[in-house]
Amino acid sequence: MAGGRRQAVAGDAAYAGADGHRLDRGGVRRPRRSGSRRGSGRTGRTGGEGRCRGRGAMTTAANPGSVGGATGVGAVIAAFVHRRVAGSLLVLLALGGGLLVASGIDVEIIPDVDARKVAVTVPYPGSSPTEVEESITRRIEERVVGLAGVRRVVSEASSDVGTVTLSVDAFADTEEVLEEARTAIDRIERFPPPDAERPEIGVPFMHVPAITVALSSGELSAHALRMAAEQLREDMLALGSVSSVSLDWSPEREIAIEVDEEALREHGLTIGEVARKVRGSSVDLTSGRLLTSAGGLVVRVDDRRVRAEEFEDVVLLSSPGGALVTVDDVAQVSEGFGDTLGATELDGVPAVFVTALATHEGESEVKIARDVRAMLADYAPPPGAQVTVWQDSSRRAAARMDLVTGTGALGLVLVFLVLALVFDFRLATWVAVGLPVSFLGAAVLFPAFDLTFNMATIFAMITMIGIVVDDAVVVGES
């Protein structure tokens, strides 16, 4: 017991000594002499508190995630402050990775935007808006309203055409809604009306002209010039990057079927029966979806006829003995061009404008224009015709990219000079380094978010130049 008591007293004495007091053998607390520097209560308290604070600071520095109680972004900054090598490697990674990734990012004018809509268009030549509403749009509405994924249905009935637009829910698959709508419309009985054309069902895309080529000639006839433009369009469509080509301000190609009345009477046919047979011979139908273990399959019948000789073989009648009556037996089929409301010229010479369009998601106007220009380098126009690149959207995209790089370079130089004059060279250098690191580091993340260099992203970069410089100045001063 005595030994234990003495140990307790000794412990108390040690504690009291740290507090500026001492215990005598009787356990009475007595203040130390003020003249003793070592026993000064002021010195003892200050030294004890200083040691406690020092140990606490060292412990906090060993755990960068809690410097000064910092969390989140502050903890990340503190971690890089104490690990300078890691920060330098990150800067080099942002610069090198940004240069490597930016060289492969597509450049386009307008970014891809999912319209999340399905459009159904039914041409009905010679009809009034009332007829289109009763026989086209209303019947389509009855089938598509209530389909899974359809948020809203908007119909428009006008002369010669009816349009029904389906808005797709935010979390629905547009392609699935498209196939469901196609199947529902194909199941409508006695649709479309006899004089109407087959419904055109698809996802509306923004048509962006990539490059326009003018094919002009003062020697060729209108028919020969149009045929040459058709061949040029086929050559463009053969390129892997081009999916849509339009012929602007040119008469449309038509297939004419001239029926012989005597041949009709001989075979007991009418013009209406011939028209129904011809219309039913060119079909594009979807019969539904087939679910398998490997996924969904769309059952579709694509039997469209686009050439005159293909319509000549359409069977109109078949006798019990096996004899067949075709369109070629009662009519003459030919290809030609319809009437146009005007004419186009280039420098006073008749011309047809052929435009390659970027329509689907992932198509780049710049790539399309580049591929078309490469194709035109080896293209031989017909004798007497000339090919001229009339408009190239890739040049606009290149001009915008030059604007960004030029603005960034000018801002970098001006910021460096101003900061070097106002503050010091070291601060100006690190602020200048912050601009390329920020933008090239952002370019590294472009593929992950499926972004391209377009009007929206380029404008955002121009806007962010001032913000990046301002933040770099604040960090540099700190």
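Residue numbers (the numbering used here): 33 to 510. Positions of the beta carbon are idealized from the N, C-alpha and C atoms, including for glycine. In this text the structure is predicted, and so the values were computed from the model without any measurement.
Leaving aside the five residues before and after residue i along the sequence, list all residues of the same chain whose C-beta is less than 8 Å from its C-beta, in chain order.
| i | result |
| --- | --- |
| residue 303 | 291 and 296 |
| residue 515 | With the chain represented from 33 up to 510, any question about residue 515 goes unanswered, as that position is not in the structure. |
| residue 199 | 148, 149, 182, 183, 184, 185 and 186 |
| residue 411 | 264, 267 and 419 |
| residue 191 | 159, 160, 161 and 164 |
| residue 408 | 245, 419 and 421 |
Just how far apart, CA to CA, sit residue i and residue j?
| i | j | result |
| --- | --- | --- |
| residue 276 | residue 293 | 40 Å |
| residue 348 | residue 342 | 14 Å |
| residue 306 | residue 163 | 24 Å |
| residue 285 | residue 265 | 13 Å |
| residue 98 | residue 110 | With a pLDDT of 46 at residue 98, under the threshold of 50, the modelled position of this residue cannot be trusted, and the question is left open. |
| residue 488 | residue 252 | 44 Å |
| residue 492 | residue 123 | 22 Å |
| residue 279 | residue 439 | 38 Å |
| residue 436 | residue 494 | 6 Å |
| residue 88 | residue 133 | For residue 88, the pLDDT reaches just 40, beneath the cut-off of 50, and the residue's location in the model is therefore unreliable, although a value from the coordinates is still provided. Those two C-alpha atoms are separated by around 45 Å. |
| residue 500 | residue 130 | 17 Å |
| residue 289 | residue 256 | 21 Å |
| residue 430 | residue 473 | 22 Å |
| residue 323 | residue 301 | 44 Å |
| residue 497 | residue 504 | 11 Å |
| residue 484 | residue 239 | 18 Å |
| residue 178 | residue 194 | 20 Å |
| residue 225 | residue 159 | 11 Å |
| residue 114 | residue 202 | 46 Å |
| residue 355 | residue 299 | 12 Å |
| residue 381 | residue 223 | 46 Å |
| residue 344 | residue 254 | 26 Å |
| residue 502 | residue 127 | 20 Å |
| residue 416 | residue 315 | 40 Å |
| residue 71 | residue 453 | Caution applies to residue 71, whose pLDDT of 42 falls short of 50 and renders its modelled position unreliable; the value that the coordinates give is listed next. Rounded to the nearest angstrom, the two C-alpha atoms are 55 Å apart. |
| residue 22 | residue 486 | There is simply no residue 22 to check, as the chain begins at 33 and stops at 510 in what is shown. |
| residue 269 | residue 352 | 45 Å |
| residue 506 | residue 441 | 21 Å |
Less than 6 Å between C-beta atoms, sequence neighbours within five positions excluded: which residues of the same chain meet that for residue i?
| i | result |
| --- | --- |
| residue 414 | 260 |
| residue 432 | 490 |
| residue 242 | 388, 390, 397, 400, 401 and 425 |
| residue 418 | 248 |
| residue 403 | 271 and 273 |
| residue 189 | 161, 164, 165 and 169 |
| residue 287 | 340 and 367 |
I'd like the span of the beta strand (DSSP E) that includes residue i, first residue to last.
| i | result |
| --- | --- |
| residue 285 | 285-291 |
| residue 368 | 363-369 |
| residue 141 | Per DSSP, residue 141 belongs to no beta strand (DSSP E) and is neither H nor E. |
| residue 397 | Residue 397 -> not in any beta strand (DSSP E); alpha helix (DSSP H) instead, spanning 397-409. |
| residue 513 | Missing from the structure shown is residue 513; the chain here goes from 33 to 510 and no further. |
| residue 350 | 347-350 |
| residue 357 | 356-358 |
| residue 123 | Not the beta strand (DSSP E): residue 123 falls in the alpha helix (DSSP H), residues 116-134. |
| residue 266 | Where residue 266 is concerned, there is no enclosing beta strand (DSSP E), although the alpha helix (DSSP H) it sits in stretches over 254-269. |
| residue 232 | 232-234 |
| residue 470 | Counting along the chain, residue 470 falls outside any beta strand (DSSP E), though it belongs to the alpha helix (DSSP H) covering 457-476. |
| residue 276 | 276-280 |
Excluding five sequence neighbours on each side, which residues of the same chain lie with their C-beta closer than 7 Å to the C-beta of residue i?
| i | result |
| --- | --- |
| residue 444 | 464 and 467 |
| residue 346 | 309, 310, 313, 358 and 359 |
| residue 95 | Unreliable placement is indicated for residue 95, whose pLDDT of 46 sits below 50; the coordinate value is still reported in the next sentence. The answer is none, since no qualifying residue turns up. |
| residue 173 | 185, 187 and 196 |
| residue 220 | 171 and 175 |
| residue 428 | 141 |
| residue 246 | 378, 383, 385, 420 and 422 |
| residue 470 | 500 |
Does at least one heavy atom of the ligand SAM sit under 7 Å from the Cβ of residue i?
| i | result |
| --- | --- |
| residue 197 | This structure lacks the ligand SAM; in fact it carries no ligand of any kind. |
Within 8 Å of any Cβ in chain B, is that where the Cβ of residue i sits?
| i | result |
| --- | --- |
| residue 456 | Protein chains in the displayed structure number just one, and chain B is not present. |
Could you spell out the range, first to last residue, of the alpha helix (DSSP H) harbouring residue i?
| i | result |
| --- | --- |
| residue 437 | 425-454 |
| residue 247 | First-last for residue 247: 240-249, but that is the beta strand (DSSP E), not the alpha helix (DSSP H). |
| residue 342 | 340-344 |
| residue 305 | 303-313 |
Practice item. Examine the Cβ distances between the region 379-395 and the region 253-267 and report whether three or more of them are shorter than 8 Å. Key: Under the 8 Å Cβ criterion, the region 379-395 counts as touching the region 253-267, having at least three qualifying pairs.
Check your understanding: Do the region 108-118 and the region 453-460 touch if we need at least three Cβ pairs shorter than 8 Å?
Key -> Verdict: no, contact absent.
Check your understanding: When the Cβ atoms of the region 210-229 are set against those of the region 355-365, are three or more pairs found closer than 8 Å?
Key -> Taking a cut-off of 8 Å for Cβ pairs, the region 210-229 and the region 355-365 do not touch, as fewer than three such pairs fall below it.
Exercise for review: Could you name each continuous alpha helix (DSSP H) segment of 4 residues or more that falls completely within the region 153-220, going from the start of the chain to the end?
Suggested key: The region 153-220 contains these whole alpha helix (DSSP H) runs: 161-164, 170-176 and 206-218.
Review point. Are the region 472-483 and the region 444-454 touching, with three or more C-beta to C-beta distances below 8 Å?
Key: No, the region 472-483 does not touch the region 444-454.
Exercise for review: Check whether the region 140-159 touches the region 221-239, taking contact to mean three or more Cβ pairs, one atom from each stretch, closer than 8 Å.
Suggested key: Yes: at least three Cβ pairs fall under 8 Å.
Review point. Quick check: the region 128-144 against the region 391-408, are there 3 or more CB pairs under 8 Å?
Key: Output reads yes: the region 391-408 touches the region 128-144.
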